[in-house]
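Have a look at the structure below, then the notes.
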Amino acid sequence: MASTASLRIAPQPDAYSAYQTPLAVRQACRSGALTGPTAGMAPGYVQGNLAVLPKDLAEEFLRFCHFNPRPCPVIGMSEPGSFKVPTLGEDLDIRTDFPGYRVWQDGEVIADTADVTDYWRDDLVAFVIGCSLSFEEALMAEGLPLRHVERNVRVPMFRTNVQCVPAGRFSGRMVMSMRPLVPAHAIRAIQITTRFPAVHGAPLHVGLPELIGIKDLMQPDYGDAVEVLDNELPVFWACGVTPQSVIAEARPSFAITHAPGCMLVTDRRNTEFAIL
């Protein structure tokens, strides 16, 4: 599988000021002006991960998501062959509106691209999966510092030894994102993110990364490394990159995913997904 180093995705230093609305972000993706991570863009709006699979696998994958709602909360789904998901935005095109994609064949990445129009087929079904960037806004509103946001890099993500519940041909290890927090902030983060079950919810693990199969926090499988200071705990949330880990193991003949950190910015509000 291609390494994340091959994606050639650079942070966007003016991201917070340049792209304040979902449509502005999506139009920038379509034009090629935006090719980097979407964290901090269009504040207040839901961002989503992507998994696109042939129709004959869609039912199994949907069942997999149902069995694994923490890493794979489905917030939108297309009709077969359609690149539209009207419930997430009227002016929205799955083929062009992410700043980065991965194209898969038999479980291997064959292309990293900013546009998958040429790869689109009439039998494809798109799944948009909830993203932790939605609850990050709530964390920052409470004054909790997020190091990857402060440094304008992608959140570090790790393939763990935690197995997902299998469904048909889909099974594999869960991916978790990590944010370093001092203990008091970690407790508050648990309280806040519990309100967002549709976008991964509360953390699944705190501290002791070796217990979930992580040997080196400075070597993430996806995203960018951020240090954990001596007075901090690594806090781990279920991550919407999990389908990429599962696709690598299931080896479907064809699939499309987002490039890690490069999300779809929808017209849905983060507050719509809070339960309190």
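All letters in the sequence shown, in the order written, are residues 2 to 277 by my numbering. For every residue, glycine included, the Cβ atom is placed at its ideal position computed from N, Cα and C. Note that the structure is a prediction, hence the values are computed from the model and not measured.
Is DSSP giving GLN220 helix, strand or coil here?
coil
Whose CA, out of ARG148, LEU182, ILE276 and HIS149, lies closest to the CA of LEU278?
Nothing about residue 278 can be reported from this structure: the residues present for the chain run from 2 to 277 only.
Output yes or no for whether 8 Å exceeds the beta carbon distance between VAL292 and ARG180.
Residue coverage of the chain in this structure runs from 2 to 277, which leaves residue 292 outside it and unanswerable.
Three-state secondary structure (DSSP) of LEU51:
strand
In whole angstroms, what is the alpha-carbon distance linking ALA1 and VAL104?
In this structure the chain extends from 2 to 277, so residue 1 is not present and cannot be described.
Rounded to a whole number of angstroms, what is the C-alpha to C-alpha distance between GLU273 and GLN220?
Straight-line spacing of the CA atoms in GLU273 and GLN220 works out to 35 Å.
Which two residues bound the contiguous alpha helix (DSSP H) that contains THR36?
It is not in any alpha helix (DSSP H) - THR36 carries neither H nor E in the DSSP assignment.
Could you please give the first and the last residue of the uninterrupted alpha helix (DSSP H) stretch that includes ILE248?
243 to 251
Where does ARG27 land, buried or exposed, given buried means 16+ other C-beta within 10 angstroms?
buried
What are the uninterrupted segments assigned as beta strand (DSSP E) that are 3 or more residues long and contained completely in the stretch 132 to 214, given in chain order?
You should have 158 to 164 and 174 to 182.
Cβ of PRO74 within 7 Å of any heavy atom in the ligand NAD?
Among the ligands in the structure shown, none appear at all, so the ligand NAD cannot be discussed.
Are the beta-carbon atoms belonging to GLY224 and ARG71 less than 8 Å from one another?
no
May I have the straight-line CA-CA distance separating ASP107 from LEU212, to the nearest angstrom?
Approximately 31 Å, taken between the alpha carbons.
Grab me the residues of PRO210's own chain with a C-beta within less than 7 Å of its C-beta, minus the 5 sequence neighbours each way, in chain order.
LEU218 and PRO235
Any beta-carbon of chain B closer than 8 Å to the one on GLY224?
In the structure shown, chain B does not exist; there is a single protein chain.
Ignore the nearest five residues each way along the sequence and tell me which others in TYR17's own chain have a CB closer than 6 Å to its CB.
Any reading at TYR17 must be qualified, since the residue scores a pLDDT of 48, below 50, and its modelled position is unreliable; no value is offered.
With PHE237 as the anchor, note down where its beta strand (DSSP E) starts and where it stops.
234 to 239
Suppose the cutoff is 7 Å on Cβ atoms and the five residues either side in sequence are ignored; what does the same chain contact list for ASN232 look like?
Excluding its 5 nearest sequence neighbours in each direction, ASN232 has C-beta neighbours in its own chain below 7 Å: VAL183, listed in chain order.
What residues in its chain sit with their C-beta under 8 Å from that of ALA251, if we drop five residues either side in the sequence?
GLY108, ARG170, PHE171, SER172 and GLY173
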